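For the sequence shown, position 259 (counting from the first letter as 1) is numbered 392 according to the working numbering, and the numbering increases by one without interruption.
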Amino acid sequence: MIFVTVIFAMGMMRAVSPRDIQANAEQRNADVLAEAKQGLVSWIGNHEYTGNPVVYGEFPHPDSNGDGVQDSSSASIGRLPWKTLGIAELKDSAGETLWYVVHPSVRIGTLATSPPTCPASNQLKPYGVKGNDLNAITGTCVLAIIFAPGALLPGQSRPNHVATNYLEGAPQFGAASTNYANYATTGPFIQGPINSSSGQPLLNDRFIIVTLNDLRLPPTQTPNVDKCKNWVQNGGSYTVGDLVKYQGRAYKCLQSHNTYGDPNWAPDLVPALWQDVGTVGQCNQGAL
Ligand SMILES: [Ca+2]
Ligand SMILES: [Ca+2]
134 MIFVTVIFAM
144 GMMRAVSPRD
154 IQANAEQRNA
164 DVLAEAKQGL
174 VSWIGNHEYT
184 GNPVVYGEFP
194 HPDSNGDGVQ
204 DSSSASIGRL
214 PWKTLGIAEL
224 KDSAGETLWY
234 VVHPSVRIGT
244 LATSPPTCPA
254 SNQLKPYGVK
264 GNDLNAITGT
274 CVLAIIFAPG
284 ALLPGQSRPN
294 HVATNYLEGA
304 PQFGAASTNY
314 ANYATTGPFI
324 QGPINSSSGQ
334 PLLNDRFIIV
344 TLNDLRLPPT
354 QTPNVDKCKN
364 WVQNGGSYTV
374 GDLVKYQGRA
384 YKCLQSHNTY
394 GDPNWAPDLV
404 PALWQDVGTV
414 GQCNQGAL
């Protein structure tokens, strides 16, 4: 029985090879990055820009001090603000909190009156593990990138909130025209792993991109507007169906007419011209 148990245990030990461990780590990173992206896209689709009209599509700021909450004063790169997004603090295969870079044109406070569009300049340029241009492959523009920073590499120190201690750079190759810099707000960014010529890990970041096409935004909404004009005693020109406000009440025009200064033509005095349809408060509530 003991012999059988030992054989079984040896079999179990053989089942977990370094390659398996690596595959599990890659899967873990892929899973947490996908979950983080889902959380980010969901938040963006539900976070309304409080303007007129109401617009969706703003991205949160990165978290610059490690508390999970976005910081409006932060740079465009920092940790994923998981607490702001209302998701768990997702950790990569090395036990590290995720990082996040966002294009400055879509951060909170930068959208004006319309949903985000493809940035006109300084687009985030991500490259695949072989240096292929992912923008070219996806055919769309990248608005944010979420990173799994991976384990500590030589020259880095943790914990702190400095991007270069988590994300690395690499000499240019493939389609990039400059050196890669995953720790920079403008990149260019590259998918790890990249090893040195002697086989030492140079860059071990993994990432997932968030493109304009990934967003699931509700339509832009125009709030109810005041449908009632102020009634004027002189110089008014009204047609059937016009709505006016007068002394706290709302009136609908029943006959087209003009006003020439006669106070006796006030809406509350001439039911043949005006129908009392409610209070002025109903003018902007969609009730009229
Ligand atoms: Ca924070
Ligand atoms: Ca790294």
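The beta-carbon is built from N, C-alpha and C at its ideal position, and this holds for glycine as well. In this text the structure is predicted, and so the values were computed from the model without any measurement.
Residue i vs residue j beta-carbon contact at 9 angstroms
i	j	result
C274	D359	no
A314	G264	no
L231	P282	yes
F340	F280	yes
A169	T318	no
L376	L276	no
D478	Y379	No answer is possible for residue 478: it lies beyond the span of the chain, which begins at 134 and ends at 421.
D200	K216	yes
G242	L350	no
P321	I327	no
Q211	A284	Note on residue identity: the sequence assigns Gly, not Gln, to residue 211. Cβ distance not < 9 angstroms, so G211 and A284 don't count as in contact.
According to DSSP, residues forming a beta bridge with residue i
i	result
S370	N391
D196	R212
Q408	K385
S224	A small fix is needed here, since residue 224 is Lys in this sequence, not Ser. Paired residues: T230.
K378	N363 and A383
D318	Note that residue 318 is Thr in the sequence shown here, rather than Asp. Partner(s): none; T318 has no beta bridge.
R339	A281
N312	None, per the DSSP bridge assignment.
A303	Y313
I241	Bridge partners of I241: none, in fact.
I323	Y260
N328	P334
Presumed contact (8 angstroms Cβ cut-off) between residue i and residue j, rounded CB distance
i	j	result
L257	Y233	The pair is not a contact, with the Cβ atoms about 11 angstroms apart (cut-off 8 angstroms).
S206	H294	About 13 angstroms; that fails the 8 angstroms criterion.
T344	Q366	With a Cβ gap of about 58 angstroms, T344 and Q366 do not count as contacting.
A303	L336	5 angstroms
G381	V413	6 angstroms
I220	I278	Not really, about 17 angstroms apart at Cβ, beyond 8 angstroms.
W398	Y384	Wrong, their Cβ atoms sit about 12 angstroms apart, outside the cutoff.
Exposed unless 16 or more other CB atoms sit within 10 angstroms - verdict on residue i
i	result
I323	buried
C386	buried
S330	exposed
I270	exposed
S310	exposed
N162	buried
G172	buried
I140	The predicted model places I140 with a pLDDT of 49, which falls under 50 and marks its position as unreliable; any figure quoted below should be read in that light. Exposed.
V188	buried
N179	exposed
V235	buried
S389	exposed
S150	exposed
S226	buried
Any non-hydrogen atom of ligand 4 within 8 angstroms of residue i CB
i	result
L336	Looking at this structure, you won't find ligand 4 anywhere; what it does contain is ligand 1 and ligand 2.
**Message:** If you measure from each CB to the nearest heavy atom of ligand 1 and keep those under 5 angstroms, what residues do you get, in chain order?
**Reply:** Those residues placing their Cβ nearer than 5 angstroms to any heavy atom of ligand 1 are, following chain order, D196, N198, D200, V202 and D204.
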